[in-house]
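Line by line, the protein sequences are chains A and B.
Residues in the first sequence are numbered consecutively from 1, following the working numbering.
Residues in the second sequence are numbered consecutively from 221, following the working numbering.
Even glycine gets a Cβ: it sits at the ideal position worked out from N, Cα and C.
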Amino acid sequence: MAEHRSAGPERYPGYDVLTKRRSPSWNDKTREVIDARLRTPREPRFFDIHELATVQAIAAIITPQPAHRVPVPVAELIDHKLYIDRQDGYRAADMPRERTAWRRGIAALDAESNSTHGRPFRELEPREQEELLRRMEQGDLHDPVWGGMPPKTFFTQRLLTDVVDAYWSYPTAWSEMGYGGPASPRGYVRMGYDERDPWEPAEAHGDDALEARRINQRIR
Amino acid sequence: MPDDPLTEPRARNGRAPDVFRPGGWVPMRQFRDDEEVDFVIVGTGAGGGTLACRLAEAGFTVVALDAGPWFRPLEDFASDEAEQTKLYWTDDRISTGSNPVQLGSNNSGKGVGGSTVHFAMVSLRFRPEWFKSRTLLGYGADWPIDWREMWGYYREVEEALKISGPVNYPWGPKRPRYPYRAHELNAAGLALAEGCEALGIPWTETPIATLSAPRGRAHPCVYRGFCVTGCSTNAKQSALVTWIPRAVAAGAEIRDLAMVGRIEVKHPTGGHEARATGVHYVREGRWRFQHARHVVVAGYAIETPRLLFNSADQHHPQGLANSSGLVGKYFTVQANQAVWGLSEREIRSYKGPPSLALTEHWNYCDAKDFFGGYCYMSQGPLPQLWARVQSTNRGLWGNRLMRAMQDYNHQVGLKIVGEFLAQERNCVTLADDKDQYGLPIPRVEYSWCDNDVALIDHALAFMRRALEAIGATDIWDQRDDTCHMAGTCRMGDDPRTSVVDGDCRSWDIRNLFVCDGSVFPTTGGVNPSLTIQALACRTADRIRALAARGEL
Chain A
1 MAEHRSAGPE
11 RYPGYDVLTK
21 RRSPSWNDKT
31 REVIDARLRT
41 PREPRFFDIH
51 ELATVQAIAA
61 IITPQPAHRV
71 PVPVAELIDH
81 KLYIDRQDGY
91 RAADMPRERT
101 AWRRGIAALD
111 AESNSTHGRP
121 FRELEPREQE
131 ELLRRMEQGD
141 LHDPVWGGMP
151 PKTFFTQRLL
161 TDVVDAYWSY
171 PTAWSEMGYG
181 GPASPRGYVR
191 MGYDERDPWE
201 PAEAHGDDAL
211 EARRINQRIR
Chain B
221 MPDDPLTEPR
231 ARNGRAPDVF
241 RPGGWVPMRQ
251 FRDDEEVDFV
261 IVGTGAGGGT
271 LACRLAEAGF
281 TVVALDAGPW
291 FRPLEDFASD
301 EAEQTKLYWT
311 DDRISTGSNP
321 VQLGSNNSGK
331 GVGGSTVHFA
341 MVSLRFRPEW
351 FKSRTLLGYG
361 ADWPIDWREM
371 WGYYREVEEA
381 LKISGPVNYP
391 WGPKRPRYPY
401 RAHELNAAGL
411 ALAEGCEALG
421 IPWTETPIAT
431 LSAPRGRAHP
441 CVYRGFCVTG
451 CSTNAKQSAL
461 VTWIPRAVAA
471 GAEIRDLAMV
481 GRIEVKHPTG
491 GHEARATGVH
501 YVREGRWRFQ
511 HARHVVVAGY
521 AIETPRLLFN
531 SADQHHPQGL
541 ANSSGLVGKY
551 FTVQANQAVW
561 GLSEREIRSY
571 KGPPSLALTE
581 HWNYCDAKDF
591 FGGYCYMSQG
601 PLPQLWARVQ
611 STNRGLWGNR
621 LMRAMQDYNH
631 QVGLKIVGEF
641 LAQERNCVTL
651 ADDKDQYGLP
661 IPRVEYSWCD
671 NDVALIDHAL
681 AFMRRALEAI
691 GATDIWDQRD
701 DTCHMAGTCR
711 MGDDPRTSVV
721 DGDCRSWDIR
731 NLFVCDGSVF
741 PTTGGVNPSL
751 TIQALACRTA
761 DRIRALAARG
771 EL
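Here you go:
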């Protein structure tokens with residue numbers, strides 16, 4: 001079972017893709033869209049506050065965030081996606097569209113949680129939340145509130161997809177994984193094995209974390 | 221104040237966006253709706269964009285309509301996966317069957333240039349035998365076209381896109397040299413090469429539609445790695461920056477944000493044959509009708525049959541061009557399975573075009589236990605896509621997912637483009653739900669057959685060996701992914717078993733053409749864009765020849 005804390009030591013200490021914001025790696029359009037993402041409203045415009053709290057609880061289980069970085073507002077990013085009604089472009093025959101799927105999925109999760117624990121999902125212990133999500137993933141939930149929407153499909157195609165898309169759309173996630181980030185128009189020059197352009201992050205290997213941090217903090 | 225190409229058409233008032241200049245414009249000829257043009261083309265991607273160019277250059281009057289926006293990549297494209305979903309066809313669609321296909325970002329573009337704006341640029345020729353796979357290889361269906369003729373059109377498209385490719389291509393009949401030199405390999409490409417060498421099969425630099433040297437106002441590729449989310453430097457030779465500017469210069473009119481909902485067909489009395497008279501389309505909130513002497517549908521394998529179905533009338537209750545009953549049938553996608561592993565060395569596969577190296581060995585070697593073939597290529601998924609693969613395909617979430625994502629810079633992958641067999645039961649039909657234009661949405665059904673599964677198993681086992689041979693660890697199979705589409709208006713030489721003839725002309729309505737991947741009776745094991753464009757060039761030449769003989 002997962003522990004609800006960050007996953008091990010930092011691989012790319014001190015690296016932040018945002019230090020390249022004014023560099024030739026970011027064109028104007030990139031600055032515009034990332035700036036807007038960083039300003040994603042914290043007040044929900046599609047979810048109500050209880051639904052938002054439920055999605056926040058889900059996100060904390062699916063994408064447990066590192067303590068040392070700027071938090072990713074996963075639930076708020078999903079709220080934004082639903083507010084502007086951005087669609088994937090396809091769905092299973094027994095799946096409703098994005099907005100309906102989320103509304104119903106949250107209601108069903110609360111119904112399941114209320115019947116097994118007597119409390120809504122957002123008020124459960126993380127271990128209990130994880131167990132319910134595990135059962136959803138396996139299709140082992142049957143409350144009538146699901147209304148014919150398969151819990152398993154909702155888990156993979158809606159919940160997991162949207163949480164993961166939201167988390168990895170945020171600069172925090174890119175910095176954490178050592179991704180070069182936006183790259184227009186500068187691109188890259190050094191392409192081979194173990195080759196790193198000066199504007200790419202250095203990976204910490206065992207005892208050289210300080211050296212990696214020194215390099216990464218100077219990246220522009 | 222910059223305009224918003226997603227909400228306001230740019231192609232108006234006698235001008236079109238200049239894709240090579242931020243804020244720039246070029247003059248464009250415009251036609252009135254009531255002017256009967258020679259051709260109205262629905263869709264401006266690899267099929268429609270190419271055909272619009274070639275027909276306009278041949279002197280025909282052409283209006284081409286695209287449902288999506290007309291971008292200027294230099295100012296509109298961000299280095300950001302989420303933002304760039306604006307390139308995809310994300311209107312509502314239902315995907316069902318035993319192996320439902322993945323649509324949206326995978327294979328559907330909405331915008332001038334179509335899917336070529338976000339394709340991976342891999343530009344491969346068919347193996348010659350595939351044009352006669354029924355006769356020569358014992359499966360699928362023969363194309364009503366000879367490979368030697370296609371060889372000439374492949375050459376034309378490779379020149380038009382200045383394809384960068386190897387000096388010698390290891391497979392198939394001798395071909396002329398590629399116009400531009402091959403790109404240097406990134407580590408992901410080198411890993412593919414090492415694996416092939418270890419297993420004793422040939423590999424090559426991928427012939428690819430991104431510039432390795434300057435061309436006109438475009439710079440060479442800067443290896444930023446965002447190819448499948450749109451090239452912001454114009455190195456990518458999409459239809460948007462190649463065929464479309466040529467088409468406009470030759471006098472074609474391209475209309476953006478123009479969604480076609482219905483083809484109008486006239487049925488004269490007295491035994492005269494039915495003829496298409498134009499298309500109903502919605503633009504700026506208003507339904508309009510463009511008159512035309514000929515109609516070309518180029519919406520790709522889902523939107524093309526959908527439009528033919530949505531154009532049903534009392535004389536064609538099953539949809540237009542459908543006397544064979546095969547419109548929407550034989551929907552075929554290509555296999556897109558992958559094997560992933562971890563390398564000790566840093567790969568950083570986000571750098572450079574994602575598929576710089578490939579092997580077509582299993583397309584040309586027939587010692588296999590299945591029909592068809594596959595190529596496989598090196599990979600370079602960006603973070604959102606990679607996280608989706610790790611979560612929805614591999615089943616990781618929670619701390620296992622977070623840990624796996626930390627290995628991003630060491631992951632190495634091989635992925636196939638493989639030939640699934642064309643099956644009549646796989647199909648596109650209409651659902652009851654409506655889209656934002658009030659049109660019935662498509663329902664797409666897909667199930668693998670035993671041969672498809674055998675191909676997948678073969679490919680996954682072989683690529684696993686290739687990754688093991690280079691010392692990769694934590695190897696796992698990605699069994700579920702879909703790429704290119706084909707087949708819903710298959711061409712043939714018999715009106716009972718095909719929708720269009722070898723000239724891509726409807727058997728039923730002779731002034732109605734289909735010009736996109738939906739005419740493919742079989743897909744082969746290579747990316748289809750080069751073949752779609754080559755076919756469009758051939759169709760343009762055939763139209764010109766027919767017109768010269770008074771047979772159009």
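Close beta carbons around residue i, own chain, < 7 Å, minus the five adjacent residues each side
| i | result |
| --- | --- |
| G147/A | R104 |
| C647/B | G548, K549, F551 and E665 |
| V74/A | A59, T63, V163, A166 and Y167 |
| Y657/B | M479, G481 and V502 |
| P201/A | Y12, Y15, G178, N216 and I219 |
| A237/A | One cannot answer for residue 237/A here, as it falls past the ends of chain A, which runs 1 to 220. |
| P396/B | R375 |
Buried or exposed by the 16-neighbour rule on C-beta atoms within 10 Å, applied to residue i
| i | result |
| --- | --- |
| W174/A | buried |
| W507/B | exposed |
| D162/A | buried |
| C451/B | buried |
| A681/B | exposed |
| T489/B | exposed |
| I84/A | exposed |
| E771/B | exposed |
| A587/B | exposed |
| C735/B | buried |
| R5/A | Here R5/A scores only 40 on pLDDT, less than 50, and its place in the model should not be relied on; the value that follows carries that caveat. R5/A should be labelled exposed. |
| H581/B | buried |
| E203/A | buried |
| T717/B | exposed |
| E98/A | buried |
Neighbourhood of residue i by C-beta, 6 Å cutoff - its chain only, sequence neighbours within 5 removed
| i | result |
| --- | --- |
| P525/B | V547, G548, V648 and T708 |
| R495/B | K486 and N731 |
| L77/A | T40 and A166 |
| D258/B | F280, T281 and R513 |
Beta-carbon spacing of residue i, residue j below 8 Å
| i | j | result |
| --- | --- | --- |
| L840/B | V515/B | Residue numbering for chain B in the displayed model covers 221 to 772; residue 840/B lies beyond these limits and cannot be assessed. |
| R444/B | S328/B | no |
| I522/B | M705/B | yes |
| G178/A | R21/A | no |
| V636/B | C595/B | Looking at the sequence shown, residue 636/B is not Val but Ile. Result yes, Cβ atoms of I636/B and C595/B sit closer than 8 Å. |
| F346/B | I365/B | no |
| S169/A | A624/B | no |
| D713/B | R762/B | no |
| V342/B | N583/B | no |
Best match in the options for proximity to residue i [C-alpha to C-alpha]
| i | options | result |
| --- | --- | --- |
| A459/B | G445/B, A478/B and T430/B | T430/B |
| A340/B | A402/B, D652/B and P748/B | P748/B |
| G471/B | T693/B, G265/B, E688/B and T281/B | T281/B |
| N319/B | H704/B, P741/B, R699/B and L562/B | R699/B |
| T742/B | T355/B, Q304/B and R513/B | T355/B |
| G269/B | G712/B, V342/B, V559/B and G737/B | G737/B |
| G633/B | P660/B, R684/B, D653/B and A651/B | R684/B |
| G409/B | W423/B, P399/B and Y398/B | W423/B |
| M561/B | S569/B, A402/B and K382/B | Just to set this straight, residue 561/B is Gly in the shown sequence, not Met. G561/B has its Cα closest to that of S569/B, out of S569/B, A402/B and K382/B. |
| D110/A | V55/A, A67/A, K81/A and R99/A | V55/A |
| S531/B | F590/B, A467/B, R401/B and L650/B | L650/B |
| H403/B | G392/B, A380/B and I428/B | I428/B |
8 Å Cβ shell around residue i - same chain, five flanking residues per side excluded
| i | result |
| --- | --- |
| A478/B | P229, L285, D286, A287, Y501, V502 and R503 |
| I464/B | V239, T264, G269, A272, C273, V332, G333 and I474 |
| A541/B | L528, V547, C709, V719, V720, S726, W727, D728, I729, L732 and V734 |
| E493/B | I729 and R730 |
Interface positions of the stretch 177-188 of chain A facing chain B (Cβ-Cβ less than 8 Å), listed along the chain: If you check each beta-carbon in the stretch 177-188 of chain A against every beta-carbon of chain B, the ones closer than 8 Å belong to M177, G178, Y179, G180, G181, P182, A183, S184, P185, R186, G187 and Y188.
Short-range partners of chain B found in the stretch 78-110 of chain A, where Cβ spacing is below 8 Å: R86, Q87, D88, G89, Y90, R91, A92, A93 and R97
Residues in the stretch 236-258 of chain B having any Cβ partner in chain A nearer than 8 Å: Result list empty, no residue passes.
Residues from the stretch 9-40 of chain A in contact with chain B, defined by Cβ distance under 8 Å: R11, S25, W26, N27, D28, K29, T30, E32, V33, I34 and R37
Contact residues within the stretch 188-215 of chain A, judged by C-beta distance below 9 Å to chain B: Answer set for the stretch 188-215 of chain A: Y188, V189, R190, M191, G192, Y193, D194, E195, R196, D197, E200, P201 and E203.
Where the stretch 41-53 of chain A meets chain B: residues whose CB sits under 7 Å from a CB there: Here the close residues number zero.
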